Ligand SMILES: [Fe+2]
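Spelled out as structure tokens, the structure:
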């Protein structure tokens with residue numbers, strides 16, 4: 403009899419704990435997600451051979467290039483060898499990389515990676531370089547990158563919305579973009595780079611899918627809410643070396659800006675305080691002499707999804723965009739495609755010269771319904787796209803914006819003259 407009471411008591415405690423885990427919002431040690439997190443593995447474990455070779459910027463795109471990669475813990479040192487494309491191999495410069503030991507116990511078959519980062523500096527603007535990364539234990543293939551032009555010159559870049567889910571298929575879209583537009587100098591990603599930001603195997607999937615593109619075109623990410631899942635953007639910040647010119651209140655690499663050619667780019671963190679980023683944003687927008695101004699962030703000021711709205715972003719950032727005339731805001735989060743009319747103070751403006759164009763797009767395979775909104779100039783339903791933004795400087799300043807699907811079919815187009 404006594405044994406039956408003990409069993410009954412244990413069963414009651416178990417049921418209570420399961421409910422606690424499922425509904426109480428405490429760390430859900432009894433949930434399905436927790437159980438899965440304990441057994442996750444990566445399909446791409448590290449080895450002595452460098453992989454996940456990826457270009458970012460942490461300094462001026464005209465004179466620096468940041469190179470990062472990983473190996474297994476057997477490799478203790480890393481280097482980048484690089485030279486101007488037309489120079490002799492004997493003229494290669496060798497740069498020692500900084501090593502960071504990345505531990506992610508949840509990735510059970512490859513819990514420790516050695517991450518290497520080298521910032522190549524003193525580069526010549528507008529020049530193509532060849533480089534490889536590694537050590538005597540193994541080198542990457544040689545790849546090329548090109549520094550930003552010092553003077554105003556035409557250029558183009560790619561912007562995509564959320565990857566997050568379906569990274570294999572996303573990789574096909576990315577490679578389709580690269581194949582059709584090899585001239586695009588860099589790739590901007592408007593957040594939700596992965597689905598669960600602290601699951602390293604998802605980042606492994608991303609880098610694998612991006613192999614052959616992010617090792618030759620700079621990856622410019624923004625921070626999405628999914629990148630912050632399970633305790634903040636730890637892996638995002640540890641894996642990616644980004645500019646540290648953010649406002650003090652937000653923290654380095656979460657918000658940053660850079661210039662490329664005749665354009666200013668603000669990469670903002672819409673997960674953090676919108677208000678606290680305003681003074682810094684105003685400083686950048688007020689002081690720039692750039693012809694074109696772009697902002698990229700995750701949560702849209704003008705949503706594509708029914709019943710979604712980010713009033714704070716629209717009002718607090720939108721008012722600065724109005725005041726200093728931002729040309730385009732590149733956004734994500736809503737898993738749909740929407741390009742607005744030129745907008746100013748929440749209303750349609752007469753032309754892009756008087757208002758800002760806001761775009762939401764998605765590049766992964768997770769789609770939401772797209773709503774009907776007065777502010778929409780173009781919507782696309784359940785379609786993953788990439789966008790090419792082409793800037794010409796002669797005979798006049800011209801921005802051609804085009805959205806393409808995976809087959810290279812143009813789905814949207816806008817031209818702005820200045
Ligand atoms: Fe999101």
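In my numbering, the protein residues as written are 403 to 820.
Glycine is no exception: its CB is placed at the ideal position from the N, C-alpha and C atoms.
If you're wondering where the values come from, they're calculated on a predicted model, not measured in any experiment.
Nearer than 6 Å: is that true of the beta carbon of residue 595 relative to any heavy atom of ligand 1? no
Cβ-heavy atom distance, residue 769 to ligand 3, below 6 Å: Among the ligands modelled here, namely ligand 1, ligand 3 does not occur.
Would you report the Cα separation of residue 431 and residue 503, rounded to the nearest angstrom? Per-residue confidence for residue 431 stands at a pLDDT of 49, beneath the threshold of 50, marking its modelled position as unreliable; no derived number is given.
Neighbour-count burial assignment, residue 506, 16 or more Cβ in a 10 Å radius: buried
Quick one: give me the first and last residue of the alpha helix (DSSP H) that residue 571 is part of. 569 to 582
Under a Cβ-count criterion, where at least 16 other Cβ atoms within 10 Å of its own Cβ denotes burial, should residue 650 be classed as buried or exposed? exposed
Start and end of the alpha helix (DSSP H) containing residue 682? 676 to 689
Under the DSSP definition of a beta bridge, which residues are partnered with residue 817? 802
How is the beta strand (DSSP E) around residue 558 delimited, first residue to last? 557 to 562
Please state if the CB of residue 603 and the CB of residue 509 are separated by a distance shorter than 7 Å. yes
Check each candidate in 465, 818, 785 and name the one with the smallest Cα separation from residue 752. 818
Residues of its chain near residue 804, where Cβ-Cβ distance is below 6 Å and the 5 sequence neighbours each way are ignored: 790, 812, 815
Answer yes or no: do residue 470 and residue 456 have a C-beta to C-beta separation smaller than 7 Å? yes
Minimum C-alpha distance to residue 538 - residue among 480, 684, 776, 740: 480
Checking 7 Å against the spacing of the C-beta atoms, do residue 596 and residue 535 come in under that value? no
Per DSSP, what kind of secondary structure is residue 811 in: helix, strand or coil? coil
What are the start and end residues of the alpha helix (DSSP H) that includes residue 821? There is simply no residue 821 to check, as the chain begins at 403 and stops at 820 in what is shown.
Within 10 angstroms of the Cβ of residue 759, are there 16 or more other Cβ atoms? Answer buried if so, exposed if not. buried
Thinking residue 734 and residue 762 are a contact (beta carbons under 8 Å), I'd like their distance in whole angstroms, please. 7 Å
Taking 6 Å as the cut-off, does the CB of residue 738 come closer than this to any heavy atom belonging to ligand 1? no
Nearer than 6 Å: is that true of the beta carbon of residue 626 relative to any heavy atom of ligand 1? yes
Confirm the yes/no value for this check: CB of residue 735, any heavy atom of ligand 1, distance under 6 Å. yes
C-beta contact flag for residue 828 and residue 472 at 7 Å: It is not possible to answer for residue 828, since the shown part of the chain is limited to 403 through 820.
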